[in-house]
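Using the working numbering, count along the sequence shown one by one with no gaps and you end on 934. Where is the CB? At the ideal position from N, CA and C, for every residue including glycine. Predicted model only: the values in this text are computed from it and were never measured. To start, the structure itself, in C-alpha coordinates.
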Amino acid sequence: MFLKRILVGLPLKTAQAAHERLSKRYALAVFASDPLSSVAYATEEILLVLVLAGTAALSYSIPISGVIVLLLTILTLSYQQIIYEYPAGGGAYTVAKANLGVWSGLTAAAALMIDYILTVAVSVAAGVAALTSAVPALFPHRVTLGLAIIILVLVVNLRGVRESGKIFATPTYVFIGAVFFMLAMGVVQMMSGQSLGGPACQPVAMEAMEALTLFMLLRAFAAGCTALTGVETISNGVSAFRKPEPRNASLTMAGMAIILGTMFIGISVMAHYLHIAPCTDETVVSQIARATFGSGFMYYLIQISTMLILFLAANSAYNGFPRLASLLAKDSYMPHQMALMGDRLVFSNGIVFLGGFSCFLIWFFEGDTHSLIPLYAVGVFLSFTLSQAGMVKRWLTK
(Lines of atoms letter the chains of each structure in order from A; the text may use other names.)
(Lines give C-alpha, C1' and ligand atoms only; values in the text may rest on other atoms or scores of the structure.)
Protein backbone atom coordinates (compact mmCIF):
# COMPACT_ATOMS: atom_id res chain seq x y z
CA MET A 537 0.00 0.00 0.00
CA PHE A 538 2.87 2.38 0.86
CA LEU A 539 4.52 1.71 -2.53
CA LYS A 540 1.19 2.30 -4.28
CA ARG A 541 0.81 5.71 -2.62
CA ILE A 542 4.34 6.70 -3.67
CA LEU A 543 3.75 5.69 -7.30
CA VAL A 544 0.10 6.63 -7.76
CA GLY A 545 -0.49 9.33 -5.14
CA LEU A 546 -3.18 9.94 -2.54
CA PRO A 547 -6.82 9.08 -3.32
CA LEU A 548 -9.01 11.85 -4.76
CA LYS A 549 -12.62 12.50 -3.84
CA THR A 550 -15.18 11.54 -6.45
CA ALA A 551 -16.43 15.15 -6.43
CA GLN A 552 -13.04 16.19 -7.80
CA ALA A 553 -13.65 14.33 -11.06
CA ALA A 554 -14.89 17.48 -12.80
CA HIS A 555 -11.67 19.26 -11.81
CA GLU A 556 -9.61 16.48 -13.40
CA ARG A 557 -10.95 17.32 -16.86
CA LEU A 558 -8.62 18.52 -19.62
CA SER A 559 -8.45 21.97 -21.16
CA LYS A 560 -8.08 22.16 -24.95
CA ARG A 561 -4.37 22.92 -24.58
CA TYR A 562 -3.67 19.84 -22.49
CA ALA A 563 -6.12 17.69 -24.46
CA LEU A 564 -4.23 18.37 -27.68
CA ALA A 565 -1.05 17.13 -26.02
CA VAL A 566 -2.70 14.03 -24.55
CA PHE A 567 -4.97 12.89 -27.39
CA ALA A 568 -3.31 14.27 -30.54
CA SER A 569 0.21 12.97 -29.91
CA ASP A 570 -0.75 9.67 -31.61
CA PRO A 571 -1.74 11.12 -35.01
CA LEU A 572 0.90 13.88 -34.84
CA SER A 573 3.66 11.33 -34.23
CA SER A 574 2.75 9.56 -37.48
CA VAL A 575 4.45 12.31 -39.51
CA ALA A 576 7.71 10.76 -38.30
CA TYR A 577 7.16 7.82 -40.68
CA ALA A 578 4.13 8.44 -42.95
CA THR A 579 6.01 10.18 -45.79
CA GLU A 580 8.76 7.59 -45.52
CA GLU A 581 6.22 4.79 -45.92
CA ILE A 582 5.05 6.34 -49.21
CA LEU A 583 8.61 6.70 -50.49
CA LEU A 584 9.52 3.13 -49.53
CA VAL A 585 6.86 1.87 -51.95
CA LEU A 586 7.54 4.34 -54.78
CA VAL A 587 11.32 3.87 -54.71
CA LEU A 588 10.82 0.32 -56.01
CA ALA A 589 9.98 1.95 -59.35
CA GLY A 590 13.14 4.06 -59.21
CA THR A 591 13.90 7.47 -57.75
CA ALA A 592 12.05 9.18 -60.61
CA ALA A 593 8.78 7.78 -59.22
CA LEU A 594 9.27 9.59 -55.89
CA SER A 595 7.65 12.73 -57.34
CA TYR A 596 4.28 10.99 -57.02
CA SER A 597 4.58 11.37 -53.24
CA ILE A 598 3.22 14.94 -53.48
CA PRO A 599 -0.18 14.15 -55.09
CA ILE A 600 -0.51 11.03 -52.92
CA SER A 601 0.11 13.12 -49.80
CA GLY A 602 -2.45 15.65 -51.03
CA VAL A 603 -5.12 12.96 -51.40
CA ILE A 604 -4.34 11.67 -47.90
CA VAL A 605 -4.74 15.20 -46.48
CA LEU A 606 -8.12 15.41 -48.26
CA LEU A 607 -9.10 12.10 -46.63
CA LEU A 608 -7.92 13.49 -43.27
CA THR A 609 -10.23 16.48 -43.76
CA ILE A 610 -13.21 14.23 -44.51
CA LEU A 611 -12.49 12.03 -41.49
CA THR A 612 -12.13 15.05 -39.22
CA LEU A 613 -15.47 16.53 -40.31
CA SER A 614 -17.13 13.16 -39.82
CA TYR A 615 -15.67 12.62 -36.35
CA GLN A 616 -16.73 16.13 -35.34
CA GLN A 617 -20.29 15.07 -36.17
CA ILE A 618 -19.78 11.96 -34.04
CA ILE A 619 -18.58 14.11 -31.14
CA TYR A 620 -21.76 16.22 -31.19
CA GLU A 621 -24.10 13.28 -31.79
CA TYR A 622 -22.47 11.08 -29.13
CA PRO A 623 -21.01 13.43 -26.49
CA ALA A 624 -20.57 10.60 -23.98
CA GLY A 625 -17.69 9.32 -26.11
CA GLY A 626 -17.12 5.83 -27.42
CA GLY A 627 -16.40 6.75 -31.02
CA ALA A 628 -16.72 3.90 -33.50
CA TYR A 629 -18.13 1.48 -30.89
CA THR A 630 -21.03 3.73 -29.92
CA VAL A 631 -21.81 4.77 -33.50
CA ALA A 632 -21.68 1.25 -34.95
CA LYS A 633 -23.69 -0.26 -32.10
CA ALA A 634 -26.43 2.38 -32.27
CA ASN A 635 -26.82 2.37 -36.05
CA LEU A 636 -25.56 -0.98 -37.37
CA GLY A 637 -26.36 -3.33 -34.52
CA VAL A 638 -24.64 -4.93 -31.56
CA TRP A 639 -22.28 -7.18 -33.52
CA SER A 640 -21.04 -4.32 -35.67
CA GLY A 641 -20.48 -2.29 -32.53
CA LEU A 642 -18.54 -5.08 -30.86
CA THR A 643 -16.47 -5.57 -34.02
CA ALA A 644 -15.61 -1.87 -34.00
CA ALA A 645 -14.79 -2.02 -30.29
CA ALA A 646 -12.53 -5.04 -30.77
CA ALA A 647 -10.75 -3.29 -33.65
CA LEU A 648 -10.27 -0.15 -31.56
CA MET A 649 -8.96 -2.06 -28.55
CA ILE A 650 -6.45 -3.92 -30.71
CA ASP A 651 -5.50 -0.58 -32.25
CA TYR A 652 -4.89 0.98 -28.83
CA ILE A 653 -2.72 -1.92 -27.69
CA LEU A 654 -0.69 -1.82 -30.90
CA THR A 655 -0.42 1.98 -30.68
CA VAL A 656 1.46 1.55 -27.43
CA ALA A 657 3.64 -1.27 -28.75
CA VAL A 658 4.43 0.32 -32.14
CA SER A 659 5.03 3.81 -30.77
CA VAL A 660 7.31 2.61 -27.99
CA ALA A 661 9.21 0.28 -30.33
CA ALA A 662 9.70 3.11 -32.86
CA GLY A 663 10.76 5.52 -30.14
CA VAL A 664 13.27 3.05 -28.74
CA ALA A 665 14.56 2.45 -32.27
CA ALA A 666 15.18 6.20 -32.59
CA LEU A 667 17.06 6.14 -29.30
CA THR A 668 19.19 3.11 -30.16
CA SER A 669 20.01 4.64 -33.55
CA ALA A 670 21.57 7.58 -31.72
CA VAL A 671 23.18 5.38 -29.05
CA PRO A 672 24.01 2.01 -30.69
CA ALA A 673 25.32 0.58 -27.41
CA LEU A 674 21.71 0.43 -26.18
CA PHE A 675 20.51 -1.76 -29.08
CA PRO A 676 20.93 -5.10 -27.21
CA HIS A 677 18.71 -3.69 -24.45
CA ARG A 678 15.87 -2.49 -26.71
CA VAL A 679 13.30 -4.89 -25.24
CA THR A 680 14.15 -3.87 -21.68
CA LEU A 681 13.99 -0.20 -22.65
CA GLY A 682 10.61 -0.72 -24.31
CA LEU A 683 9.18 -2.45 -21.25
CA ALA A 684 10.54 0.29 -18.99
CA ILE A 685 8.94 3.05 -21.08
CA ILE A 686 5.55 1.30 -21.10
CA ILE A 687 5.63 0.87 -17.32
CA LEU A 688 6.69 4.50 -16.83
CA VAL A 689 3.79 5.81 -18.94
CA LEU A 690 1.45 3.41 -17.11
CA VAL A 691 2.46 4.79 -13.70
CA VAL A 692 2.11 8.40 -14.89
CA ASN A 693 -1.44 7.69 -16.08
CA LEU A 694 -2.36 5.92 -12.87
CA ARG A 695 -1.63 9.22 -11.11
CA GLY A 696 -4.47 10.90 -12.99
CA VAL A 697 -5.27 12.47 -16.33
CA ARG A 698 -4.59 16.10 -15.40
CA GLU A 699 -1.06 15.36 -14.19
CA SER A 700 -0.52 13.26 -17.30
CA GLY A 701 -1.56 16.20 -19.46
CA LYS A 702 0.81 18.58 -17.70
CA ILE A 703 3.75 16.18 -17.95
CA PHE A 704 3.28 15.48 -21.66
CA ALA A 705 2.23 18.94 -22.89
CA THR A 706 5.73 20.41 -23.18
CA PRO A 707 7.32 17.67 -25.38
CA THR A 708 4.30 17.70 -27.70
CA TYR A 709 4.49 21.42 -28.29
CA VAL A 710 8.29 21.31 -28.62
CA PHE A 711 7.86 18.71 -31.40
CA ILE A 712 5.21 20.79 -33.17
CA GLY A 713 7.30 23.95 -32.90
CA ALA A 714 10.51 22.24 -34.04
CA VAL A 715 8.88 20.66 -37.10
CA PHE A 716 7.15 23.90 -38.13
CA PHE A 717 10.41 25.81 -37.70
CA MET A 718 12.17 23.24 -39.88
CA LEU A 719 9.50 23.57 -42.57
CA ALA A 720 9.59 27.38 -42.38
CA MET A 721 13.37 27.42 -42.76
CA GLY A 722 13.06 25.05 -45.69
CA VAL A 723 10.53 27.32 -47.41
CA VAL A 724 12.77 30.38 -46.86
CA GLN A 725 15.78 28.55 -48.26
CA MET A 726 13.81 27.28 -51.26
CA MET A 727 12.41 30.74 -52.05
CA SER A 728 15.83 32.37 -51.71
CA GLY A 729 17.42 29.76 -53.95
CA GLN A 730 19.90 28.65 -51.31
CA SER A 731 21.57 25.31 -51.89
CA LEU A 732 20.51 22.84 -49.24
CA GLY A 733 22.56 19.81 -48.36
CA GLY A 734 21.55 16.64 -50.16
CA PRO A 735 21.01 13.16 -48.73
CA ALA A 736 24.06 11.81 -46.95
CA CYS A 737 23.02 8.15 -46.78
CA GLN A 738 22.67 5.35 -49.31
CA PRO A 739 19.08 5.00 -50.64
CA VAL A 740 17.47 1.57 -50.41
CA ALA A 741 17.16 1.54 -54.23
CA MET A 742 18.58 3.69 -57.02
CA GLU A 743 17.30 1.86 -60.11
CA ALA A 744 13.79 0.64 -60.83
CA MET A 745 13.06 -2.84 -59.50
CA GLU A 746 9.38 -2.83 -60.53
CA ALA A 747 7.26 -0.98 -63.09
CA LEU A 748 5.25 1.97 -61.83
CA THR A 749 1.65 0.79 -61.98
CA LEU A 750 -1.70 1.92 -60.63
CA PHE A 751 -1.47 -0.86 -58.06
CA MET A 752 1.88 0.50 -56.83
CA LEU A 753 0.39 3.99 -56.49
CA LEU A 754 -2.49 2.53 -54.49
CA ARG A 755 0.01 0.66 -52.30
CA ALA A 756 1.87 3.92 -51.69
CA PHE A 757 -1.43 5.63 -50.81
CA ALA A 758 -2.32 2.86 -48.38
CA ALA A 759 1.12 3.01 -46.79
CA GLY A 760 0.89 6.78 -46.39
CA CYS A 761 -2.47 6.46 -44.69
CA THR A 762 -0.52 5.57 -41.55
CA ALA A 763 -0.69 9.36 -41.12
CA LEU A 764 -4.37 8.89 -40.20
CA THR A 765 -3.80 6.51 -37.29
CA GLY A 766 -5.14 7.93 -34.06
CA VAL A 767 -7.49 10.49 -35.64
CA GLU A 768 -10.43 8.89 -33.81
CA THR A 769 -8.82 9.16 -30.36
CA ILE A 770 -10.47 12.47 -29.44
CA SER A 771 -13.97 11.17 -30.23
CA ASN A 772 -13.37 8.28 -27.83
CA GLY A 773 -12.43 10.58 -24.96
CA VAL A 774 -14.97 13.43 -25.10
CA SER A 775 -15.79 12.92 -21.43
CA ALA A 776 -12.21 13.86 -20.50
CA PHE A 777 -12.74 17.47 -21.70
CA ARG A 778 -13.92 20.41 -19.66
CA LYS A 779 -17.45 21.72 -20.27
CA PRO A 780 -18.83 22.21 -22.85
CA GLU A 781 -17.28 18.86 -23.72
CA PRO A 782 -18.48 18.46 -27.36
CA ARG A 783 -17.44 21.96 -28.40
CA ASN A 784 -14.00 21.72 -26.78
CA ALA A 785 -13.41 18.25 -28.23
CA SER A 786 -14.50 19.39 -31.70
CA LEU A 787 -12.20 22.44 -31.64
CA THR A 788 -9.31 20.29 -30.44
CA MET A 789 -9.90 17.82 -33.27
CA ALA A 790 -9.94 20.65 -35.83
CA GLY A 791 -6.67 22.02 -34.46
CA MET A 792 -5.11 18.57 -34.53
CA ALA A 793 -6.13 18.03 -38.17
CA ILE A 794 -4.73 21.39 -39.29
CA ILE A 795 -1.40 20.77 -37.55
CA LEU A 796 -1.16 17.17 -38.78
CA GLY A 797 -2.08 17.98 -42.37
CA THR A 798 0.35 20.90 -42.57
CA MET A 799 3.26 18.93 -41.11
CA PHE A 800 2.58 15.89 -43.29
CA ILE A 801 2.30 17.74 -46.60
CA GLY A 802 5.22 19.97 -45.61
CA ILE A 803 7.52 17.03 -44.95
CA SER A 804 6.47 15.41 -48.24
CA VAL A 805 7.20 18.62 -50.18
CA MET A 806 10.57 19.06 -48.46
CA ALA A 807 11.52 15.46 -49.18
CA HIS A 808 10.67 15.99 -52.86
CA TYR A 809 12.54 19.29 -53.11
CA LEU A 810 15.64 17.82 -51.48
CA HIS A 811 15.49 14.69 -53.68
CA ILE A 812 15.46 12.53 -50.56
CA ALA A 813 15.03 8.78 -50.89
CA PRO A 814 14.42 6.38 -47.99
CA CYS A 815 17.62 4.96 -46.51
CA THR A 816 18.32 1.90 -44.42
CA ASP A 817 20.16 3.79 -41.68
CA GLU A 818 18.50 7.22 -41.50
CA THR A 819 14.89 8.35 -41.51
CA VAL A 820 13.44 10.80 -44.00
CA VAL A 821 12.74 13.35 -41.24
CA SER A 822 16.35 13.06 -40.09
CA GLN A 823 17.61 13.65 -43.64
CA ILE A 824 15.43 16.75 -44.01
CA ALA A 825 16.58 18.13 -40.66
CA ARG A 826 20.23 17.48 -41.47
CA ALA A 827 19.92 19.13 -44.89
CA THR A 828 18.17 22.15 -43.36
CA PHE A 829 20.17 22.69 -40.16
CA GLY A 830 23.33 20.62 -40.58
CA SER A 831 24.32 18.54 -37.54
CA GLY A 832 23.82 21.28 -34.98
CA PHE A 833 21.44 21.91 -32.09
CA MET A 834 18.25 22.12 -34.16
CA TYR A 835 18.98 18.79 -35.83
CA TYR A 836 19.24 17.05 -32.47
CA LEU A 837 16.17 18.88 -31.17
CA ILE A 838 14.19 17.48 -34.11
CA GLN A 839 15.48 13.97 -33.42
CA ILE A 840 14.89 14.06 -29.67
CA SER A 841 11.42 15.60 -29.97
CA THR A 842 10.51 12.99 -32.59
CA MET A 843 11.54 10.23 -30.21
CA LEU A 844 9.51 11.79 -27.38
CA ILE A 845 6.38 12.32 -29.50
CA LEU A 846 6.41 8.61 -30.34
CA PHE A 847 6.46 7.83 -26.62
CA LEU A 848 3.61 10.30 -26.11
CA ALA A 849 1.59 8.53 -28.80
CA ALA A 850 1.62 5.55 -26.47
CA ASN A 851 0.24 7.82 -23.75
CA SER A 852 -2.78 8.77 -25.89
CA ALA A 853 -3.81 5.11 -25.95
CA TYR A 854 -3.73 5.05 -22.15
CA ASN A 855 -6.49 7.67 -22.23
CA GLY A 856 -8.63 6.12 -24.97
CA PHE A 857 -8.46 2.41 -24.14
CA PRO A 858 -9.65 2.57 -20.48
CA ARG A 859 -12.63 4.76 -21.41
CA LEU A 860 -13.67 2.42 -24.22
CA ALA A 861 -13.24 -0.57 -21.89
CA SER A 862 -15.43 1.15 -19.29
CA LEU A 863 -18.21 1.62 -21.88
CA LEU A 864 -18.01 -2.06 -22.81
CA ALA A 865 -18.07 -3.02 -19.14
CA LYS A 866 -21.18 -0.92 -18.52
CA ASP A 867 -22.82 -2.80 -21.41
CA SER A 868 -21.68 -6.11 -19.82
CA TYR A 869 -19.31 -7.01 -22.67
CA MET A 870 -16.22 -6.81 -20.45
CA PRO A 871 -15.68 -7.47 -16.74
CA HIS A 872 -17.47 -4.84 -14.66
CA GLN A 873 -14.21 -4.01 -12.91
CA MET A 874 -13.21 -2.14 -16.07
CA ALA A 875 -15.93 0.45 -15.34
CA LEU A 876 -14.66 1.19 -11.83
CA MET A 877 -12.52 4.25 -11.17
CA GLY A 878 -9.43 3.91 -9.02
CA ASP A 879 -8.21 6.12 -6.19
CA ARG A 880 -7.01 8.79 -8.62
CA LEU A 881 -10.31 8.94 -10.56
CA VAL A 882 -8.98 7.03 -13.56
CA PHE A 883 -9.98 3.61 -14.89
CA SER A 884 -7.01 1.88 -13.27
CA ASN A 885 -7.90 -1.66 -14.35
CA GLY A 886 -8.06 -0.66 -18.01
CA ILE A 887 -4.72 1.13 -17.76
CA VAL A 888 -3.02 -1.92 -16.23
CA PHE A 889 -4.67 -4.26 -18.78
CA LEU A 890 -3.40 -2.13 -21.67
CA GLY A 891 0.10 -1.92 -20.24
CA GLY A 892 0.28 -5.67 -19.67
CA PHE A 893 -0.70 -6.63 -23.22
CA SER A 894 1.60 -4.00 -24.72
CA CYS A 895 4.51 -5.34 -22.70
CA PHE A 896 3.73 -8.83 -24.00
CA LEU A 897 3.84 -7.63 -27.63
CA ILE A 898 7.15 -5.83 -27.10
CA TRP A 899 8.59 -9.00 -25.57
CA PHE A 900 7.10 -11.40 -28.14
CA PHE A 901 8.21 -9.38 -31.20
CA GLU A 902 11.52 -8.41 -29.56
CA GLY A 903 10.79 -4.72 -29.93
CA ASP A 904 10.78 -4.87 -33.76
CA THR A 905 8.63 -2.06 -35.18
CA HIS A 906 8.29 -3.54 -38.67
CA SER A 907 6.84 -6.77 -37.29
CA LEU A 908 4.14 -4.83 -35.44
CA ILE A 909 3.04 -2.29 -38.06
CA PRO A 910 1.08 -4.73 -40.34
CA LEU A 911 -1.07 -5.66 -37.35
CA TYR A 912 -1.52 -1.98 -36.54
CA ALA A 913 -3.28 -0.88 -39.73
CA VAL A 914 -6.08 -3.48 -39.74
CA GLY A 915 -7.76 -2.29 -36.56
CA VAL A 916 -7.49 1.38 -37.51
CA PHE A 917 -9.23 1.18 -40.87
CA LEU A 918 -11.84 -1.34 -39.76
CA SER A 919 -12.98 1.07 -37.04
CA PHE A 920 -12.94 3.97 -39.54
CA THR A 921 -15.15 2.02 -41.95
CA LEU A 922 -17.69 0.97 -39.33
CA SER A 923 -17.98 4.43 -37.78
CA GLN A 924 -18.48 6.11 -41.17
CA ALA A 925 -21.03 3.49 -42.24
CA GLY A 926 -22.89 4.02 -38.98
CA MET A 927 -23.05 7.79 -39.44
CA VAL A 928 -24.23 7.43 -43.05
CA LYS A 929 -27.10 5.22 -41.91
CA ARG A 930 -27.93 7.63 -39.08
CA TRP A 931 -28.21 10.62 -41.41
CA LEU A 932 -30.22 8.65 -43.98
CA THR A 933 -32.75 7.48 -41.40
CA LYS A 934 -32.84 10.55 -39.15
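query: Bridge-paired residues (DSSP) for L558; result: F777
query: Proximity of L796 and L572 at Cβ, strictly below 8 Å; result: yes
query: Reduced DSSP secondary structure (H/G/I, E/B, other) of E768; result: coil
query: Cβ-Cβ distance between L564 and G791 below 8 Å; result: yes
query: Cβ-Cβ distance between S601 and L583 below 8 Å; result: no
query: Segments of 4+ residues assigned as alpha helix (DSSP H) that fall wholly inside the segment 594 to 670; result: 597 to 621, 628 to 636, 638 to 670
query: G713 versus F847 - alpha carbon distance; result: 17 Å
query: L839, enclosing alpha helix (DSSP H) - first and last residue; result: The residue you asked about is not Leu; residue 839 is Gln in the sequence shown. Element bounds for Q839: 833 to 866.
query: Nearest-angstrom Cα separation, counted from V691 out to G545; result: Per-residue confidence for G545 stands at a pLDDT of 48, beneath the threshold of 50, marking its modelled position as unreliable; the derived number appears in the next sentence. When rounded, the distance between both Cα atoms is 10 Å.
query: Outcome for T609 when other beta-carbon atoms lying within 10 angstroms are tallied against a minimum of 16; result: exposed
query: Alpha helix (DSSP H) segment containing T680, residue limits; result: 678 to 694
query: L613 classed as buried or exposed, judged by whether at least 16 other C-beta atoms fall within 10 angstroms; result: exposed
query: Exposure of M727, with buried meaning 16 or more beta-carbon neighbours within 10 Å; result: exposed
query: Under the three-state DSSP convention, the category L881 falls into; result: Because the pLDDT at L881 is just 49, under 50, the model does not fix this residue reliably, and the value given afterwards should be weighed accordingly. Coil, per DSSP.
query: Spatial neighbours of G641 in its chain, beta-carbon cut-off 6 Å, leaving aside the 5 residues before and after; result: Y629, A632, K633
query: Beta carbon of S569 nearer than 8 Å to that of T708; result: yes
query: N- and C-terminal bounds of the alpha helix (DSSP H) containing Q873; result: Where Q873 is concerned, there is no enclosing alpha helix (DSSP H), given that its DSSP letter is neither H nor E.
query: At least 3 beta-carbon pairs within less than 8 Å: the segment 921 to 929 vs the segment 673 to 688; result: no
query: Cβ pair count under 8 Å reaching 3, the segment 765 to 780 against the segment 585 to 597; result: no
query: The segment 897 to 908 in contact with the segment 645 to 658 per 3-pair CB rule at 8 Å; result: yes
query: Distance, P782 Cα to K929 Cα; result: 21 Å
query: N-terminal and C-terminal residue of the alpha helix (DSSP H) that F751 is part of; result: 750 to 760
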